[in-house]
Each structure stands twice: as C-alpha cells, then as structure tokens.
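Heads up: the structure comes next, in structure tokens.
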Amino acid sequence: MTTTLYSIIVEFVQIAVVLLAGPALAGWVRMLKCRMQGRTSAGVLQPYRDIMKLFVKDVVLAENASWIFRFTPYLVFGATVMAGAIIPVISTVLPSAPAADIIALVAIFAMARFFTALAGMDAGTAFGGMGSSREMTVATLAEPAMLMSVFTVSLVSGSTSLSQMAQVVTTNPLMLRPSLAFALLAFILIAVAETGRIPVDNPATHLELTMLHEAMTLEYSGRHLALIEWAKMIKLFLYAALGVALFFPWGIAGATPLWMLPAAVFYLAVKMAIVGAVIVLIETPLAKMRIFRVTEFLGMAFLFATIGMLSYFMLE
Amino acid sequence: MTLLILLGVSLVAAFILAFVGDRKYAPEVNILGSATAFVASLFLAAEVYNNGAFTAGGEFFFVDAFNVYLAVLTTFISTTTAVFSRRYMRHERELGRVGKNAMRFYHAMFQLFIFAMLLALLTNNVGVLWIAMELATLSTVLLVSLYRTPSAVEAAWKYFILCGVGIALALFGTVLLYFAAERVFGSGTAGLLWTNLAASSGKLEPTVLSLAFIFFMVGYGTKVGLVPLHNWLPDAHSEGPTPISAVLSGLLLNVALYALVRCKTLVDGATHGNKAGYIMMFFGMLSILVAAFSLLRQKDVKRMFAYSSIEHMGIATFAFGLGGPVATFGALLHMLVHSLTKSSIFFTAGNASQMHHTQEMSRIQGLARGNPPVGWGLMLGVIAIAGMPPFGVFTSEFLILTATIKNAPYAAPLFLLGLAVTFAALFRRVIPMVFGNLPAHQRKIKVSQSVVIVHMAIVFILGLYLPEFLSQWFHKAVEILR
Amino acid sequence: MTMPSPMALAVYSVVILLIMAISALVFKSRQGFLVNAVFAFSSLACVMALTAGFQAVSNGAVETLILPIGLPDLPFYLRIDALSGFFIAIIGLLGLFVSIYSLGYVRGFVGQRSITSLAVFYPLFMAGMILVVISDDAYFFMIAWELMAVSSFFLVCFEDESGANRRAAFIYLLIAHIGAVMILLSFGLMAGFASGFENFKGYTFSAMRGAHISPGWASAAFLLAFFGFAAKAGVVPLHVWLPEAHPAAPSNVSALMSGVMLKTALYGIIRLTFDILTVSQWWWGGIVLVLGLISAVTGILYAIMQVDLKRALAYSSVENVGIILISIGLSMIFTAHKMHELASLALIAGLYHSLNHAMFKGLLFMGAGAILHATHERNMERMGGLIHKLPWTATLFLIGCLSISAMPPFNGFVSEWLTFQAFLLSPALPNPILKLLFPLGAALLALTAALSARCFVKVYSVTFLGRWRGEHPCAAREVNWPMKAGMCLCAASCLLLGVFPTAVIGWADMAPLILIGAKISVSAKTFGWLWLTPVSSVRASYSAPVIFIGITAVVAAAYAVFHSRRSSKTALTRAPVWGCGFEKLTNRMQYNSTSFAMPLRRIFGFLMMIKESVTPQDANAHGAFQRKFVYRLMINDRVWYLLYKPFSKAAFWCARKAGFMQHGRIQIYLLYSFITLIVLLVFA
Amino acid sequence: MTTNLAAQINGVLAALILLTAFGLLAQRRIYGMLHLFALQGLFLSVSTAIVGYTAGLHHLYVSAVLTLILKVFVLPYILYALVHKLHIRKEVEDLVNIPTTMLIGIALVIFSYHLTAPVRELSTLITKSTLAVALSTVMLGFLVMITRKKAVTQIIGFLALENGLFFAATSATYGMPLVVELGVALDILIAAFIFGLFFFQIRTTFDSLDLKEMEKLKEED
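Protein chains in written order, with numbering that gives the first Met the number 0: chain A, 0 to 315; chain B, 0 to 481; chain C, 0 to 683; chain D, 0 to 220.
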C-alpha cells in the first residue's frame, strides 16, 4: 500500500517537475546563448513571463479555422504532458510508465505533431502548409533513425520499456559500450531534429523561408499560442530527460529509499544544466541547414545508429 | 432400332429438306429432325447406361460410353442450332444475303452434316469413320461459301483443300492400320472394326501403328484444328453463316478429336508406351500457345472465337495426350462443355453482328445496354470459355491443369502463359463490346437468345454440380481410353 | 432456443446473400425497393457471418460440412476453424458497416442509372468472400475465389461509360485470373503428392495436409501460391491493378475490396503456409518479409504522390498489406526456427492488423465515398475546407486517418506496435545474418509508419482543411444518415479495437494456437487486462486505456483551466488570416496535394517515374514577362514500365509473329502440313 | 499368270505410276497434266485388277472398274470440260522452278523408301515393295499442290495424291473391304462435283482461277 502511495506521489511530483522545468530549461538555454553571443539576457524566468502574458491575451482566429485549429493546442499539450508522465525523469517506479514503452512514446509525440501539421494547413495560408509539409518530412526521416537508436539500447537492456531500460543501465556495472556511444550520437542528432533546434530548424526565426515549426503555428495567438509554446518547451525538456534516462540514468530514484527522490530532483537539475550548455555549444557556431540537407543530417543519424547496432552484434 | 432412327432421321430430313428447304415451314422441319434425333440419342444413351456397350448392325455399329455421350451432344447442339438458325437465317434472308436455293441447300446440308457426324461417331468401322469424316467436310464446304462473297469462297476453298488433303492422309493411316490388322484378323472387314482392334491392340505391329498414327495425327489433326494444321479454321468460322460456325466449332472438331483419340488408344495398346501421347501433347501445347497469341490480334469477332476453339481443342488434345484418369476425365468434360459454351458464344456473336451489321469488334459496343440478353450472354459466355468458375469449362481445366503439374510439370508454365494471354486477349476485346455507351448504329432487331440461355444454364450447372450419371459415364469412357 | 453452430450460421448467411443476388434480378424494375432490400438483407447476412466468426474463434472448435454438389467424387468440403472464423468475423464486421452505409450511398445512384448489376453482384461478392474462407478443398476454394474475383470485376465495371473504368476492370480481372491459375497449379502440386489424386480425393485440404511433399516441390508450391495470392493482395510488384480498380469501383465496393477482399488473399497465404504446407524453410518467410517491406515502403510513397483521393487510399492499401505480410513473414521465420511463442506473436500482429486495416480503410473509403457523393470530386487538388460543409464526415474521416497513421490510442497503432515487438525480438534468432538484417527491416517499417502519417496529414488537410480550391463554389451537403451510421460504427470500432487490445488478442489467440501451437494471451494478460504485455512485462508494455484516459484527462483539465476560466474572454475574435502580413492571399495559394508532397518527391523520386514540365503559356513573350505558366506533373508507377510494359510488348510481338502463320496463301498452308508430316515421320 | 509374273508386272506398273507422278510435277501444260493424270488412273486400275486376279480377291475387280471409270474417264473429262469452258490459261504457273521441284521429289522418293522399309520387312504379300511407290506418289501429289498456283492444278495434285492412296490400299493390303472402297469412291465423286461447283463460284467471284486472288484472308500487317 505504501509503495502504491509512494509511486502515486512520485508520479505527481514528476508531472509537476515536467510542467515547471520545461520553461526553465528553455530560459536557461536562452540565457546561456545570450551570454555566449555577448548579449544581455532576460533571465531564466523570461519564458514563464511570456507564457503568462499569452494566457491573458485575446484569441484572434483566422476566418477559416475549424475546430481542429482550436483543439490542437489542447491536444498537443495533453500528449506532451502524457509523455512527461511516462518518461522516467526522476524515478523509475512511475505507475504510468508501463502505459507506453519507447515506441508508444514516439507515437504519442507523433500524434501531437500530426495535429500541429493539420492545424498548420487549417488556416489556408501558404506558410502553414509549407511548415506542415517540411515538419512532416523531417519527422518521417527521423523516425527510422530513432528506432534504430532505440533498438540498440534495447538490445543492451533486453527491453523497450523505458523504466526497465534505465534500471538496467543503473544496476549493471559501468562499462564502455561502443554500441551505446553510437546510439547516443544518433539520438542527439535526432533529438535536435525532433525538437526543432539549430541546425535543422530555428526556434527563434520568423523568416518565411526558414521556418519549420514556427510556420505551422504562425496563426496562433493568445492562450492557444501559450499552450503550444509551453508544450514545445516541455518537449525539449522531455527529449533531454529521455536522453539522460537512457544513457546517463545514474542518480535516478528507484523504489526505495525515500530520500532518493529529492536527490533525484537535484541530479536532474544538474544534468539538465549540462544538457542546456551542450545545446548552446552546438547551436551557437552553427547555421540552419537548407531543408534538403536535413536528409543527409538524418541519414547520418541513421548511420550512427546502425553502426551502433552492428557493433553490438560484432563486438559485444 | 434406336440407332437406325437416330441415323435415319437426319438422312431423311436432309432428303426432305433438299426439296422443301426454302419453304416457310422448313426451319421447323429442320428443328423437328434434329429434335427427333436428340430424343433417339437419349434413348440410345439410356440403353448404354443400363446395359453397357454393345454392337449393332452386324458389328457395323458400336456404341459405348465414349461415343454415345458425344452423340447426345451432337444431336443436342444440332437441335439448338436449328432453333437458333430459324430466326437468324430468316433475318439473313431478309437482308438479302442468301437466296431461295441457298436456303434449300443450307437446310439439306445441315442435316446431312449431322448425319455424317453421327455416322462417324457410331460406326464400328475405321474405314467408314474416314468416309463419314470426309462426308462431313464435303457437306459443310459449300455452307461456308453460302454467302458467295469473295472471302467466303476463298475460305471455303481453303477449307476444302486443306481438309481434303488432311483427310486423305488419314486414309493412308487407315490403310496402314488395316495392313497391320490384316496380319492378325486376316483379310476382310474384321480388320477394320474397333471392337476387334481394341480388343487385341497388343498384337498389332507397333512400328506400323506408330507410322499410321503420324498420318492420323496429321490427317485428323487438320480437322481438329491443331497448329500448324489449323489455317483453314479461322477463315471458315469467320466467313460461314453463324449456325455453321457454331456446329463446326461445337461438333466437327470434337468428332475429329474423337477419331484421333480412338486411334491413339490403339497405338498405345500396340506400342505399350505413350509416344502417341507425347505427340498429342506437343501439338496440343503448340496450339494453345499459337492460338493464344493469335487471339491477341483479332479484329473480327467470329475469327477471334475460332482461335479460341483452336486453343480449347489444344487443351483437350494435350489432356488426352497426357493420359491418366484425371486428365482424361477432364478432357472428356472439356469436349462437352467447350462445345456447349462455344456454340452459344457463336450464337451470341452472330446476334451481335446482326445488330451492328458488322463482325468487326471495334464497331460492336454497348451490348449490355442495347440488348441485355445478348450483352450479358456474351460476357458470361466469355467468362465461361476463359475458364472461370462457376462454369463447366473451369471444372475441366481445373482437372487438366492439376494433372499437368503433377505429371508434366515442365508444361505447366507454358500452359499458364497460354491461358493468361488468351484471357487477356478475350477480355481486352469483350469488355468494350459489352459495356460502354450505346452506339448510334446499333439496330434494335429481334434476336433469339433463348438457346444461349439453355446452353449457358447447362454449362453453369455442370460447373457446380456434375450429375452422378454423367460422372459415371466419363469414368467408363476413361476406362475405355486407358 | 439454442444458438446455431458457426457453420450453420455461415452457410445461412451465404444462402441469404445468394437469394438476394437472384431476387435482385427479379425485382430489377423496382430500383428503390431493391436498394433497401438487398442491403438490408446483406446487413443481416453479415451479422450472421460475424456471429459465426466470433463464435468459431472463441470456441476454437473445428467444424466441417460436406455439401453434396460439385463433382460426385469431389463434393464441396466446408470447414470452419479459428483462422477462418477470424476472417469471417472481419468480413462480417466490415460487411455489416458497409452494407448499412450502402443503404444511403447506393440510393444516390437511383434515378441516374440502373443499379441492378450492383444489387446482383454485391451480395455475390460478399458470398464469394465468405465461401473462400470456409472452403476446405481446392476445387471449391477456386470456385469461391473466382466468384469473388468475377463479381468484384463487375462491380468495378459498374460505371462502365468511362473507358478508364473499363480498362481498370480489365487489368484487375487479368491479374486476378493469372494469380488464380497460379494458386490452382500450386494446389495441383500438393494434390499430386497427396494420396488419392487419381480418385479426386487428393484435392481436399485434409488430404493435402497429410501429403509428404519433397522440399523442392513444397517450395515450388509455396512460391506459386504465394505469388498467386500476392497478385490478389496487391503486393508490389503485382499491385498495379489496385490503384486502378479501387478508384473505379463505387466507394462501398472499394471499401469492401480494400478492407476485406485483400484479406482473403492473406488468409490464403496463412492457410497454405501454416496449415497445409507447414513452414519448413525459413527463406519462405524471408521472401514474404522482403516483399512485405518493399510493398509497405513503395506503397505509401506512391500514396503520398497521388492527387486522386481514392487512388491514394488504394496505394495505402498496398502499404498495409505489406505491413501484414511483414508480420506473416516474421512469423514464418520464427516458426521455421521452432520459436513458437514469437511466431504466434508475429502472427497475432498480422491478424490484428488485418482486422484493423479492414476497419480504418473501410472507414476511409466510405469517407471518400461520402465526399464523392457530396462534391462529385475525387481530385484533392480541387477540394479543401470540407470540414465546414461535412462536419460529420470530417470528424469520422479524421479518426480513420489517425488510425491508419498508427496514432495511439487508435487501433492501427496496436498492431504496428506488436509488429515492432516481434521485430525487436528477432535477435533471439540463431541465424546471424537474419539478426543483422532484421533491425534494418524494422527501420523500414518505422519509415513506413512515419510516411503514412505524413500521407494522411496531407490527405486530410488538403481535403477537409483550408479553403475550397474548386472553380465553382462548393455545393456540398452533409450525407444522409445510413452513410453516417456506417461510418460511425466503423470509427467506433477503430477506437474500441485500439483501446481494448487485450480483449481482442485474448479472443483471436485461438488462431495461432491451432496453427503454430502457441498463444500469447497468457503472457499478455499476466499484468492485468489493462496492459498489453507480449512476452513479459519487463520486455515491453502498452496500455491504450491509460494513454487514452490520460490524454483526455489532461486535455479536459487544460481546457477547463485555460478556456472557461474567464467567460468574457472565451468569445473569440475572427479575423482574416495573418499570413505574415501578406494581404492578397487567394485560395489557390494554399499548399495543395502536389506541393505538400514535393519534399518527398525530391528525396524518393528515384523510385518513381516523374515527368515534370513548366511551359510558358505565351510562347512568343520573354520568359520573364509571362502572365501564366502551365505546370505539368506526371508520376507513374515504375513497376508498370519495368514489368508490365515489356510483358505486353513481348506478347504483342509474339502475336505479330503468330500472325505470320496466317499468311493467306494456301500453298504455304499446305506446306505446313507437309513439313509437319515429314518432321513427324523423321523423328517418330 | 504366275505370282511371280504378276509381281513383275505390278512392279512395272508401280514404276509407271511413279513416273506419271513425276510427270505431273514436271508438266507445264494443263492438258498435259490431265492426260498424265488419266494415264496414272489407268495404270492404277490395271494394277488393281492384276492384284485382284493373283490374290483371287474379286472385290478388287469392282475397285478396278470404279477406278477406271472415275479416274480415267469421269474426272479427267470433268476437268477438261471445266478448263475448256472457263477459258483457263493453258500454261501452268508454278512457284518453285521445275528442276528444284524434281530434286525435292527425288529426295521424297528416297525418304519414302526409307520410311517404308520396316513395313516391307513385315509384309508377306507379293506387292509389298510397291508401298514405297504409293507413299512417294502421295508425297509428290502433295508437292504438286504446294508448288502450283492455279486451282485446277491443285485439284489435279489432290487427285494424284488420292491415286497414291489407292495404290497403297491395293498394293500394301490387297484392297480395303468393299464397303470402304465404295464409300471412298462415292466421296471422291461428291468431291468432284463440289470442286466443279467451286470453279464456277471462284470464277464468278474472282474472274480468274488463279489462287493469287484468294489470299485476302490473312493476318499479317
């Protein structure tokens, strides 16, 4: 009974962490970036302020927009939060973790993207369509690479269940596995593509021809935009957490003892700070790629993942 | 007695019609003659079914399961063709394509032809079989040229010469057979009787018989329409009047094949091998393939179905050559259902050509809209002839194909190719004929499709339910041909 | 009153359908009545079939029946076991929905054209499909198989004025027939090895099961049958008929053809390989798997490129058949390596996807029919914004799109997830090459899934979202209630099958049990009914109810919190689209089907034959001062040019050569006979 | 007449029949061909009668008489009348030149001889060696049909072919049973009437009896 209660508490703590930490990570990345580029920053909390502001603003809808356009922000938010409840961010004993393994998780994100793309087409502008088309293309190419990467990790742990994968890595003695290294490399490239970061997409742009994700959400305003932005930040956080859980899960909370939970939150904060720094290091010197170079970029990711898998069979 | 009625009726009818064939009631006389023969043949069949094979007329006639079913088929199709030709020929006469004398000639020769067919089937004498086959050719030659158009005359001439030469070679085969038989039975009629020959085929000299079989093959093979002896067939079918095309395809080819198969059993008995079978398989397969590819380029509706007849005769020949109970059963059934289906297709095609005043397929359109019985009759007929269930042709092809892949797997790919090409060729042409919008030049005329419905119904029923007695019959015939 | 047995129910339903077909001919003068009667009774027959199938699977008992027709020595043998029961259930379920839908859909034709042929062949088609899965001897199977083919051929030909439809029907029938002959030959091979070939007893499946076939001939039989069935299932490269025939057929028929007729071919493959032949060589599975992968990827890529809605759906059927074949192939490989648990997992994945595909593809085709009914338009480039005119259809179509794109918690995801699990378990195989190659297959499957999402985003958004692209104002009206009802039922089953997979698997597990001898529902259920855990709970798990409830809860909460908190603010302001401030937007500037597919056309163009041209309208003016350009894009199926064109060219070449034989000159003909005679005399 | 003598006479007749067959192949004029054909019929008839006499088979006399009437008088007369009446050009046109046909003809004779060798071994009849000649005559008749261009010459070739058959029937087997013989004769008579009719049909529809006119039904493009 106590374990059940404990796990339910963990679940709620994690959801709270996910909801709150998403904007924080985004703020941290922006702040670091400003510093790197020699600008003054608005501080870590700026994303919170942005979202709060958007929530109180009026919603202006395009004449032609249908219910799908209005429904999408809620669904995207819902799906992202659901994903947040599944990924072992602070603990591996989440009661909702078995609801989806990593394949289902990818599908949940895919569903959010599906609706975003529909919303992009709903207003009937050229930009929205362009964004949808490109976003779906990138996702299409990212998915096989993602699966290969996941496949390699699951070969090591013998499971596709996220908690199980994290647990296996933490409980087994530390060893250097080339397969995991390649898988990690692939994962990073895919995560960049999936979360719409440079060099695949530029989250800050509003130039017509460079937008991917932004183009789809161009017509949003008010609380709809707030939800979408928030979900996007959470998604970045979740991908980071996912990478951490799969490749560096040490420090994550198990079933017992109880004190590990606050420790896990602390470890998480440290890891996220490092991840944010890495993102900034990647993004600052690079420029956004042409859309058709993304094929090569993701092809590279696929190649890394495949090499990882082959090295598992051949070397380990 | 039934036998005499059966043969006599056609002969008498031919004689009567030679005088009154142009009268108004002539078609009815024609129908009556054929129908009487049909009834007689049914009695004969019942006799055979109950009492087994027997000889009659001082061993001049011989009736067994194999030939009696063909006799019933012959009289049945002659009856339905007579029914069909009543309206069809009347319309041709109204159009001025045939005159008074031609009608008299047509009716008389039709009955004479049926007589020749029946004689060929029922006789016990190889020599008489030959005579009857020649008679069948001669009686139809001038029917093919009935319209007196240049192409009709040309077709008839080719038919006459090619079949004449072919049948002459068969006579040479007969002579050789008699030569071999004489050494066993001595001089006289005894050496030409099936019953004797079949009973002691093992004693006949194998070298002579295999030589004889080659002449039979080329001779009767010409009449069966096997490639490369087939060239008369498409011409004669396309240029003759439709009822004649129907009986040529439905009956003459069958009877020729019957003669060939009888000869084959003798040769097999003498040589204790299946050399004759291999020859038949070769020609059968060649016919299937060549006919299939020729089908692809046909423009004339009756010509196309003539090629289809070549193909089906090829299938039956192949199956008889293959031997074995399954293939032989299939081949016998195939002869039956092919005759029924093909003659009904010719009826329909004839009606369609009359409606459009042309036999050119590109001008025949929208039949299903213009005259549903004709359109759907053609469609279902083609579905049946292409070997799709639930029609009887499928049943026979099913048996033949499965036997092929069991006993001669190397031939199966060729078979598949032939069937596929045929199928494509037929439907490529037939779909636009049946479906599509009504063309302006289609005329509304009264056509008789009732016999087509009867034929198709029988073929349909045979596809789903082969009656016990028919199956027994075939099994007995298979025993005979073993 | 006791419930009649599954066999009785199935036979009764066939009898009802046959009576309907005949009575349609009788009542052909009363067209309106005909629609009601035929489709109402078809629905009834489908309910019976569904019950029969459901019971047969849950009982798991084998029931046989011999009908005293056919050949005297070879009557019609019927047999229902769990596998046939499963497929009867699919036929019955989709058949029921489509028949209800047809009540409304076909009424649209009344008065415009004669529906008699539709009313005759629709029940025949249904009857053919049911008979295919319950027949138990080669002869009857072929009859049922061709009955299905012929009746669907006439249904494709229903709107026969158009030459394109007639051509489509022709190609369809031709390929179907060639496939059928191949199947027949395969049966012939097996019957030849069975005892009792000579007395026709070898044609029964039970005799074939007992036959000892040498491995070489068994492989030949397998290959013949597989390619025969593949022609019907629309496996690349034998799929070319499918994108032609599906658009040509009336939409209710397309739904059935795509939803269930293709499944009967898959049934044939399963029945033949697992039951009659029993898989003995792993490479059989390899062939199935590879062709499945090729079909899946090329199918969906071509689907993306289509501008015709029904063509896109047809190509997507190619893809889904590919996915099912992947599972079947995996299952065969596992079976050949005696890994029965995994084999049954893969087989369940395949069977489940068959059921799912029937539901969502049926729904989508019905939706396409609804659009066609409302707008008389199949070309997506001329649609748009239909969500405002057809709210019901739009919502239901969306469910179909989500399901087919494998979005949780809908049904398509469950079966794809199971397929992935089967793939991920392949490292257990002893064969090292397979170990290395399988993950690549899984990656291709992932690509397929992603592409299919992309495809249906395009299909849905171009059709229903944005603005109307047609030249004339859109005059569409929402469809009538039977059509809505049929689609609603389909959509509901998409959701239910997605949310309660454990129940479905627990039911369907009888099929792998009888075929392979292992079942997965035991392991799937150890964790509770809520959780789908094939193999073991640590290996992988998925809970559709939790995800469904979780997402719904979060969406509801977010809506409650952010939407209705301040009622004054919930009133929305509508304004012209912003479009980055560009004001002269027209409907033609929207992204359309072609432009949406453009990036993939660039990336995967090498797989297709693309002809693209831009011609200035005014040839005299300078290129820079043109008022209008004409853009033409042709995307052709490469397979058509690689495989079929050469074939037909060769056939016509041979035909020309054969024509030389009919030379016209009688001397030449005589020479043929003469040479034949001489040659025979020399060689014999 | 002893059996030996009969065999010798028969041998001479066989040689003459073969000679006339070659003659048909070489002859350029239609009347010449008709004469040769009648001559061949005469030899055949005599040969049949001699075989009938030596073997004591009296029904062969009937055949001999039938042959005499039909092949020596009736058929040549009908053909002669037709040629006369229809104003057919007297020159025979051929497709392959005559020396070549002769060479082919010689090859065919050798082939026939080779082919009938096993049959010859078996036979006990005095006439056994004539079978090769019979088969050669059949083949040569066939060759005439193939190489000539006119309908009339084709018919002559056809009839010569049948002569070969008859010769085979009498020489190899001492004749078929009478009923068969009669039937065959009847058939030939009907055939004669039919080709007579045909010539008129052809003549009226084509204004010529040249077979070139009758090559319309073909399928090449």
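Beta carbons are placed, not taken as given, at the ideal position from N, Cα and C, and that holds for glycine. No experiment lies behind these values; they were computed from the predicted model shown.
Cβ-based burial, residue i [other Cβ within 10 Å; buried from 16]
i, result
"V681 of chain C", "exposed"
"P598 of chain C", "buried"
"R437 of chain B", "Note that residue 437 of chain B is Leu in the sequence shown, not Arg. That one is exposed."
"Y306 of chain B", "buried"
"Y138 of chain C", "buried"
"V269 of chain A", "exposed"
"I432 of chain C", "exposed"
"T203 of chain D", "exposed"
"Y76 of chain C", "buried"
Three-state secondary structure (DSSP) of residue i
i, result
"F628 of chain C", "strand"
"Y266 of chain C", "helix"
"F199 of chain C", "coil"
"K234 of chain A", "helix"
"P67 of chain C", "strand"
Min CB distance residue i to chain C below 9 Å
i, result
"Q471 of chain B", "yes"
"Y73 of chain A", "yes"
"I306 of chain A", "no"
"Q26 of chain D", "no"
"L60 of chain A", "yes"
"E484 of chain B", "Since the displayed chain B opens at 0 and closes at 481, residue 484 of chain B lies outside it and no answer follows."
"V420 of chain B", "yes"
"E484 of chain B", "The structure shown does not extend to residue 484 of chain B, since chain B is modelled only from 0 to 481, so the question has no answer here."
For residue i, the residue or residues it bridges with in DSSP
i, result
"G435 of chain B", "DSSP output for G435 of chain B lists no bridge partner at all."
"A55 of chain B", "B:F60"
"D299 of chain B", "B:E359"
"T572 of chain C", "A:V59"
"S134 of chain C", "C:L77"
"I430 of chain B", "Answer is none; I430 of chain B lacks a bridge partner."
Extent of the continuous beta strand (DSSP E) to which residue i belongs
i, result
"P74 of chain C", "73 to 79"
"S612 of chain C", "608 to 615"
First and last residue of the uninterrupted alpha helix (DSSP H) at residue i
i, result
"M145 of chain A", "125 to 156"
"R600 of chain C", "592 to 603"
"A203 of chain A", "Careful: A203 of chain A lies outside any alpha helix (DSSP H) and carries neither H nor E."
"G497 of chain C", "480 to 498"
"L120 of chain B", "99 to 121"
Chain B within 9 Å of residue i, Cβ atoms only
i, result
"G182 of chain D", "yes"
"I155 of chain D", "no"
Contact with chain D by residue i, beta-carbon distance below 9 Å
i, result
"N124 of chain B", "yes"
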